[in-house]
Every structure is written in structure tokens, then in C-alpha cells.
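Last residue of the sequence shown? That's 165 in my numbering, and every number before it is there in order.
Remarks on the structure that follows.
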Amino acid sequence: MKKAIFCLIIAWTMAIWSSLARGTEPPDLSRAILAYLAQQGDAAYLDPHQTARIDLNGDSREDALVLLENPYFCGTGGCTLLVFKDTKRGFQFVSRSTLIRPPIMVSETKTNGWRDLVVQVGGGGAAPKKVALKFSGRRYPANPSTLPALSEDQPRKGTRVF
């Protein structure tokens, strides 16, 4: 047990230094990501990942989308996407969605005050389709593969983040 805790601390420390060295994330976001992953027992699998900052809920604060691209979080169906809300006290975990493939677009349309996320779903035997992850009031859907495909004629205005 002590060895497992020691390994987790070492992995967490290395991931923090790696994120800070890249200079792509503010330290409070790196800490929030690592704290969430450590709580789940996944901290050793942070890198590689991509981060995008964009206001999702209209509060003029840049929230964070984190696409975990480590093979631990990816499979034939896609990778894991984490969403964090930027608050005055730091970043707060909002949701985790699996089976996500780029491109990922933050739509101009909103559901329950949060912008919809348009993602590609496919692989693992499923036909590719674009779907909208709509905020439930508490989180974004965990599994987008069960969502209906967006029609080709449906307008898709927004910002591509990955």
C-alpha cells in the first residue's frame, strides 16, 4: 500500500512539473486536473493531453476542456474529455465524457446556460457521426455514442478547440 501511494505521489509530481514546464496551463488548472485524476486513481496517466480555455457558461471566465490522449484513456472509440469550470476559488470539475474524437467544437448554441459541445463519435465498429453534448444542468453526457447524430443541414457555428 505504501509503495502504491509513493508511486502515485511521484507520478503526480512529475505530471505537475511536466504541465508547468510546457507553460500551456495555469498552475491552478494543472492542480485541479491532477487532483481529479488522483481521486479517480488515474493521476499517472495524465500525459499526453491537450487543454483549451473558453467560456462555456457565459460568466466571462475561461473554463477548461481537457482531452486526455494517453492510451489509458483512449481506445478505438475515442478518448476522454474532462470539463472544468473556472471559479474565483480555482477550477472545479464539471464532467467526464468518453469516446470523444476531434474535431471538437464549442457551439454558439446553449443548453441550460452552457454551450453545446459538438464532437465526432465513431470507431470500435460504430459508424462515424457528429453529436452535440448538451449540458444537463449538472454535467455533459458521459457517453456520446448513445446520442442522436446531428443532421447535415443543421447549422454548426462555434469555435473549434481541438
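All C-beta atoms, glycine included, are put in the ideal place defined by N, C-alpha and C.
Counting C-beta atoms within 10 angstroms of its own C-beta, G81 has 16 or more neighbours from the protein chains shown and is therefore classed as buried. Secondary structure of D119 (DSSP, three-state): strand.
Spatial neighbours of G78 in its own chain (CB-CB distance under 6 Å, excluding positions within 5 residues in sequence) are not present.
For R34, the enclosing alpha helix (DSSP H) starts and ends at P30 to Q43.
The C-alpha of V124 lies about 11 Å from the C-alpha of L136. Boundaries of the beta strand (DSSP E) harbouring R56: H52 to I57, taken from the DSSP string. Annotated three-state conformation of T162 is strand, per DSSP. Judged by DSSP secondary structure, C82 falls within the beta strand (DSSP E) whose first and last residues are C82 to T90.
Following the DSSP letters along the chain, one finds E111 inside the beta strand (DSSP E) bounded by residues G93 to T114. Assignment of P147 by DSSP, reduced to helix, strand and coil, places it in the helix class. Under the three-state reduction of DSSP output, A152 falls in the coil class, being neither helix nor strand. I57 and V109 do touch by the CB rule: their CB atoms are close to 5 Å apart, below 8 Å. The residue among D62, S148 and D50 with its C-alpha nearest the C-alpha of G116 is D62. With respect to V164, I103 sits apart: the two C-beta atoms are not nearer than 8 Å.
Within the DSSP secondary-structure output, G128 pairs in no beta bridge.
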